[in-house]
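Undergrad: Quick note on numbering: the sequence shown equals residues -5 to 296 in our numbering.
A virtual CB, placed ideally from N, CA and C, is assigned to each residue, including glycine.
Model, not experiment: these values are computed from the prediction.
Below: one structure in structure tokens.
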Amino acid sequence: MGSKFKTWGPGLLLISPSLVLLAVFVYGFIAISFRESITDKHSAAQATGRADVNLVGFENYAALLSSEAFQHSLRNLFVFTAVFLLGTLLMGFSWAWVMDRPLKGEGVFRSVYLFPMAVSFVASGVVWKWLLNSNQGEQASGLNRLFQMLGLDFLQNPWWTHPTYGILAIALPAIWQLSGYVMALFLAGFRGIPDELREAARVDGATELQLYRHVVFPQLSPVALSALIIIGHMSLKSFDLIMSIANQSTYSTKVPAIDMYNYATVYDYANSAAVGIILLVLVALAVVPYLWYDARSRKEGR
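The following block contains the structure:
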């Protein structure tokens, strides 16, 4: 026992502060949130201890999932996530493909593509709120004004204020901001493919299409999966960008994170916590399979 402790004991002692903080401030608060979500704490009196709080089981979850308003938020979230993922993966891969070729000033282009990622979602949201201004005609500004100047008035639209497609407009700044990050992932993947593999395929008579289909794409699949998981879980938690462009009362752009905020501001902590737990489950459904796949791949690679 003593010899084993000498082996793993020092490492355990080094990470023990982080483990304690993780247990308290992550898992501890998750447990507290879950406990709140199964109560009837829906008022300020209950939140301040002036009224009794009772356990109600999963009634809050059932009420939320059967609510048309929350179902609308979930639909918006899934639409936003789908468009966001597709846009960032396509843009990121395209930029990486261009950057993988001999290019003068590659460092400059790489910096330009990565710069949006250095900007906070709140700051970019303020800029994009102006760009996506819904005013048209004489009052047009932002992109609508640009379309008007170019004689492309038919492209003017209400953007995020559209009652049905508003959430699609919100995905545009998100794609702009994170495509550079996906580009960096794919570019690292491209650079990690040995030149010998490509040359061998060309010697065997493979066309460029066959080269990418049978050599490059299989090598990039782990990178694509990583990008999908990272960007996917970020989109599921989207809040600050949407709040910066629209606001918490805009029905067309509401997502569960906005609902969670709205419930908390009116002391409805039970429903706010329930929405948070639902988001946690959605993120876990996206991340846990990837962690399982990664662990299995590492085990098979030994």
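I'd like the span of the alpha helix (DSSP H) that includes Phe163, first residue to last.
TA: The count along the sequence shown starts at 1 and reaches residue 163 at position 169. First, the residue type needs correcting, since residue 163 is Ala and not Phe in the sequence shown. For Ala163, the enclosing alpha helix (DSSP H) starts and ends at 160 to 185.
Undergrad: Suppose contacts are defined by Cβ-Cβ distances below 8 Å. Is Thr82 in contact with Val176 by that definition?
TA: Along the sequence shown, read from residue 1 onward, the residue named residue 82 stands at position 88. Along the sequence shown, read from residue 1 onward, the residue named residue 176 stands at position 182. Their beta carbons are under 8 Å apart, which means Thr82 touches Val176 by this criterion.
Undergrad: Please list the segments of the alpha helix (DSSP H) lying wholly inside the segment 87 to 126, counting only runs of 4 or more residues, in order along the chain.
TA: 100 to 112, 115 to 125
Undergrad: Is it buried or exposed, Phe52, if we count other Cβ atoms within 10 angstroms and call 16 or more buried?
TA: Sequence index remark: in the sequence shown, residue 52 carries index 58 (1-based). Phe52 counts as exposed, since fewer than 16 other C-beta atoms from the protein chains shown sit within 10 angstroms of its C-beta.
Undergrad: Could you tell me whether the segment 274 to 290 touches the segment 144 to 164, using the rule of 3 or more Cβ pairs below 8 Å?
TA: The segment 274 to 290 is not in contact with the segment 144 to 164.
Undergrad: So for Leu49, helix, strand or coil by DSSP?
TA: By 1-based counting over the sequence shown, the position of residue 49 is 55. The answer is strand: DSSP assigns Leu49 an E or B state.
Undergrad: I'd like the span of the alpha helix (DSSP H) that includes Ala41, first residue to last.
TA: For this step, residue 41 is matched to residue 47 along the sequence shown. In this chain, the alpha helix (DSSP H) harbouring Ala41 covers 38 to 41.
Undergrad: Would you say Phe180 and Leu214 are within 8 Å of each other, going by their C-beta atoms?
TA: What you label residue 180 is simply residue 186 of the sequence shown in a count that begins at 1. What you label residue 214 is simply residue 220 of the sequence shown in a count that begins at 1. Against a cut-off of 8 Å, the Cβ pair of Leu214 and Phe180 comes out as a contact.
Undergrad: Considering only residues of the same chain and omitting the five flanking positions on each side of Phe115, which have a CB-CB separation below 6 Å?
TA: As a working note, residue 115 is residue 121 in the sequence shown. Contacts found: Asp234, Leu235.
Undergrad: In whole angstroms, what separates the C-alpha of Gly43 from that of Leu8?
TA: As a first step, residue 43 must be located in the sequence shown, where it is residue number 49. As a first step, residue 8 must be located in the sequence shown, where it is residue number 14. Rounded to whole angstroms, the separation of the alpha carbons of Leu8 and Gly43 is 40 Å.
Undergrad: Should Ser105 be labelled buried (16 or more other beta-carbon atoms within 10 Å of its own) or exposed?
TA: Position 111 of the sequence shown, counting from 1, holds the residue named residue 105. Looking at its Cβ environment, which holds fewer than 16 other Cβ atoms inside 10 Å, Ser105 is exposed.
Undergrad: What is the rounded straight-line gap between the Cα of Gly22 and the Cα of Val249?
TA: As a position in the sequence shown, residue 22 is number 28, starting the count at 1. As a position in the sequence shown, residue 249 is number 255, starting the count at 1. So the alpha carbons of these two residues sit roughly 25 Å apart.
Undergrad: Tell me where the alpha helix (DSSP H) around Phe28 begins and ends.
TA: Counted from its first residue, the sequence shown places residue 28 at position 34. Element bounds for Phe28: 23 to 31.
Undergrad: Could you tell me whether the Cβ atoms of Lys35 and Val20 are closer together than 8 Å?
TA: As a working note, residue 35 is residue 41 in the sequence shown. As a working note, residue 20 is residue 26 in the sequence shown. No, the Cβ-Cβ distance between Lys35 and Val20 is not below 8 Å.
Undergrad: Buried or exposed for Gln65, going by 16 or more other Cβ atoms inside 10 Å?
TA: Taking the first residue of the sequence shown as 1, we reach residue 65 at position 71. So Gln65 ends up on the exposed side.
Undergrad: Note down, in chain order, each residue of its chain lying with its Cβ closer than 6 Å to the Cβ of Asp94, except the 5 sequence neighbours on either side.
TA: Sequence index remark: in the sequence shown, residue 94 carries index 100 (1-based). Contacts found: Phe184.
Undergrad: Compute the distance between the beta-carbons of Ser243 and Phe74, then report whether it is under 8 Å.
TA: Taking the first residue of the sequence shown as position 1, residue 243 is located at position 249. Taking the first residue of the sequence shown as position 1, residue 74 is located at position 80. Not closer than 8 Å, so no.
Undergrad: Should Ala178 and Leu108 be called a contact, given that it needs their Cβ atoms to be closer than 8 Å?
TA: What you label residue 178 is simply residue 184 of the sequence shown in a count that begins at 1. What you label residue 108 is simply residue 114 of the sequence shown in a count that begins at 1. Yes. Within cutoff.
Undergrad: Measuring alpha carbon to alpha carbon, tell me which of Gly226, Asn54, Tyr255, Gln142 ends up nearest Val282.
TA: Taking the first residue of the sequence shown as position 1, residue 282 is located at position 288. In this structure, Gly226 is the residue among Gly226, Asn54, Tyr255, Gln142 with its C-alpha nearest to the C-alpha of Val282.
Undergrad: Take the Cβ of Leu6 as the centre, count every other Cβ of all protein chains shown within 10 Å, and call the residue buried at 16 or more, exposed below.
TA: Your numbering for residue 6 matches position 12 in the sequence shown. By the neighbour-count rule (16 or more Cβ atoms within 10 Å), Leu6 is not buried but exposed.
Undergrad: So the alpha helix (DSSP H) Phe141 belongs to, where does it begin and stop?
TA: On the sequence shown, position 147 is the one that residue 141 refers to. That run of the alpha helix (DSSP H) goes 136 to 143.
Undergrad: Using 10 angstroms around the beta-carbon of Tyr263, count the other beta-carbons present and answer buried if the total reaches 16, otherwise exposed.
TA: Reading the sequence shown from its first residue, position 269 is the one you call residue 263. Buried is the call here.
Undergrad: Is DSSP giving Lys293 helix, strand or coil here?
TA: Within the sequence shown, residue 293 is the residue found at index 299, counting from 1. Reduced to three states, the DSSP call for Lys293 is helix.
Undergrad: Counting C-beta neighbours from all protein chains within 10 Å, is the total for Pro167 16 or more, i.e. buried, or is it exposed?
TA: Looking up residue 167 in the sequence shown gives position 173. Burial call: buried.
Undergrad: Report, in whole angstroms, the separation of the C-beta atoms of Tyr261 and Ala41, which I expect to be a contact under 8 Å.
TA: As a first step, residue 261 is located in the sequence shown; it is residue number 267 there, counting from the start. As a first step, residue 41 is located in the sequence shown; it is residue number 47 there, counting from the start. Their Cβ separation, rounded to whole angstroms, is 4 Å, which keeps Tyr261 and Ala41 in contact under 8 Å.
Undergrad: Start and end of the alpha helix (DSSP H) containing Val217?
TA: By one-based count along the sequence shown, residue 217 stands at place 223. Where Val217 is concerned, the enclosing alpha helix (DSSP H) stretches over 211 to 230.
Undergrad: Measure the beta-carbon distance from Lys123 to Ile239 and round it to whole angstroms, keeping in mind my assumption that it falls under 8 Å.
TA: As a position in the sequence shown, residue 123 is number 129, starting the count at 1. As a position in the sequence shown, residue 239 is number 245, starting the count at 1. For Lys123 against Ile239, the beta-carbon gap comes to about 5 Å, under 8 Å, which counts as contact.
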